[in-house]
Amino acid sequence: SIGDLNKILSIKPELFNLKTIIEAEAALLELKLTNNPDVADRFYSLIPHRSQYHIDLIKNRRILIEKLDLCQMLRDMLTVNELTNWNVKASIEAKYRSLKCHIETMSNSTSEFQNIFNFIQSSTNRNEQIIIHNIFNVVKQTDTLNFSTTLSNQQQLFHGSKYSNFLGILSRGLAMPKMVIEEFGIDRTDIGCLGHGIYFSNSASTSLKYTTESTIRSGRRLLCICQVALGESADYYSFSPTLIKPPHGFHSTHGIKQTEDNHSIFNDDEYVIYQLDQQRLLYIV
1 SIGDLNKILS
11 IKPELFNLKT
21 IIEAEAALLE
31 LKLTNNPDVA
41 DRFYSLIPHR
51 SQYHIDLIKN
61 RRILIEKLDL
71 CQMLRDMLTV
81 NELTNWNVKA
91 SIEAKYRSLK
101 CHIETMSNST
111 SEFQNIFNFI
121 QSSTNRNEQI
131 IIHNIFNVVK
141 QTDTLNFSTT
151 LSNQQQLFHG
161 SKYSNFLGIL
171 SRGLAMPKMV
181 IEEFGIDRTD
191 IGCLGHGIYF
201 SNSASTSLKY
211 TTESTIRSGR
221 RLLCICQVAL
231 GESADYYSFS
241 PTLIKPPHGF
251 HSTHGIKQTE
261 DNHSIFNDDE
271 YVIYQLDQQR
281 LLYIV
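FYI, the numbering for the sequence shown is 1 to 285, going by the UniProt record's numbering.
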């Protein structure tokens, strides 16, 4: 995340404070309402960008969401640094504690590592090769306490996200795209074929399509493995992008992968939940 910020911003990320970030977010909200170029200039004066990332916010409305995500990344970085007293030499454990996470590197000699390794490899397309560098065991207390243990049909599923999102995922957990839409009134590009939910797959190859490479380590990507309480899942063979909850009597939706025996328009199996308490993060790969 710090690497992404350094790539985009023309000043060091640690020079920002919460007041500046809040003012920048307010400018984005005002832009949504007014289309005032002076407000766009105010945003860039608050959050100075390198020239190649200085994009016209009036003509490129969807960029507002990217800038909102940038502000949230700055907030997350600020949280970590404040809780470690801005100590650049703070231990990894101290930084994890500031995120309210317990994260442990899994030894590749354990049976748990081998099980996860096999789980990933068995769900990978034959023409793809995934090199697994590390598997991290993650315990986030809020996820564990809030998780819906009473729902049936619990599965371990993959979730892919941009590399730069992982500081936020560790800090705040997975979030619904709908939250941002309600606040800013802008359609997100990450809303999927089954509406405003959190998307999972039983295929590592499928979830990797939604990841991006690290800007620091070329070719490296991150992938989540979550425990997901699907409950009763409603099957879909066609897109339904306006969903904000599953149909009555169901707890999740399932986009059925196209086969010779059905007429589905889904290229991959997609599982979607619409309540945050139906998932908890188990591993980051």
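Idealized CB from N, CA, C, for every residue including glycine.
Other residues of its chain near residue 249: CB distance less than 7 Å, five sequence neighbours each side excluded
232
Do you know offhand how far residue 61's Cα is from residue 109's?
49 Å
Taking the alpha-carbon positions, what's the residue 71 to residue 260 distance?
46 Å
Does the pairing of the segment 236-243 with the segment 193-201 give three or more beta-carbon distances under 8 Å?
yes
If we count Cβ pairs, one from each stretch, closer than 8 Å, do we get three or more for the segment 218-233 versus the segment 157-171?
yes
Just the C-alpha distance for residue 206 and residue 175, rounded to the nearest angstrom, thanks.
Rounded to the nearest whole angstrom, the C-alpha separation of residue 206 and residue 175 is 20 Å.
Would you kindly work out how many angstroms separate the C-alpha atoms of residue 156 and residue 40, rounded to a whole number?
43 Å
Determine the direct distance from the alpha carbon of residue 170 to that of residue 144, and round the result to whole angstroms.
13 Å
Using CA coordinates, which residue listed in 270, 247, 252 and 146 is at the minimum distance from residue 258?
Out of 270, 247, 252 and 146, 270 has the C-alpha closest to the C-alpha of residue 258.
If we ignore side chains and look at the alpha-carbon of each, how far apart do residue 4 and residue 22 end up?
20 Å
Can you grab the Cα-Cα spacing for the pair residue 117 / residue 132, in whole Å?
8 Å
Can the beta-carbon of residue 296 be found less than 8 Å from the beta-carbon of residue 29?
Only positions 1 to 285 of the chain appear in the structure, and residue 296 is not among them; the question remains open.
Is the beta carbon of residue 43 closer than 8 Å to that of residue 284?
no
Straight-line CA distance for residue 237 to residue 266?
Cα-Cα distance, rounded: 7 Å.
Need the endpoints of the alpha helix (DSSP H) that residue 175 sits in, please.
From DSSP, residue 175 is part of no alpha helix (DSSP H); its letter is neither H nor E.
Helix, strand or coil: how does DSSP classify residue 367 here?
In the structure displayed, the chain extends from 1 to 285; residue 367 sits before or after that span and is not available.
Among 251, 124 and 59, which has the Cα closest to the Cα of residue 150?
251
Quick check on the burial criterion: 16 or more other C-beta atoms within 10 angstroms. Buried or exposed for residue 235?
exposed
Host beta strand (DSSP E) of residue 270 (start-end)
270-273
Three-way DSSP call (helix, strand, coil) for residue 105 in this model:
strand
For residue 107 and residue 123, the rounded distance between their alpha carbons:
22 Å
Residue 245 beta carbon less than 8 Å from that of residue 199:
no
Own chain, CB closer than 6 Å to residue 55, minus 5 neighbours either side, in chain order
63
If you draw a straight line from the alpha carbon of residue 217 to that of residue 65, how long is it in whole angstroms?
Their Cα atoms are separated by approximately 26 Å.
C-beta contact flag for residue 50 and residue 8 at 8 Å
Judged by beta-carbon spacing, residue 8 lies within the 8 Å limit of residue 50, meaning their Cβ atoms are closer than that value.
Given a cut-off of 8 Å on the beta-carbon distance, is the pair residue 282 and residue 138 in contact?
Closer than 8 Å, so yes.
Residue nearest to residue 272 in terms of C-alpha spacing, selected from 172, 125, 247 and 127
The residue with the shortest Cα to Cα distance from residue 272 is 247.
Threshold first: 4 residues or longer. Then list the alpha helix (DSSP H) segments lying entirely within the UniProt domain "PARP alpha-helical" (1-85), N to C.
2-8, 18-34, 37-46 and 63-83
Mapping the DSSP letters down to three states, classify residue 189 as helix, strand or coil.
Unreliable positioning characterises residue 189 in this predicted model, as indicated by a pLDDT of 49, which lies under 50. A coordinate reading is not provided.
Pick helix, strand or coil for residue 199, following the three-state DSSP scheme.
strand
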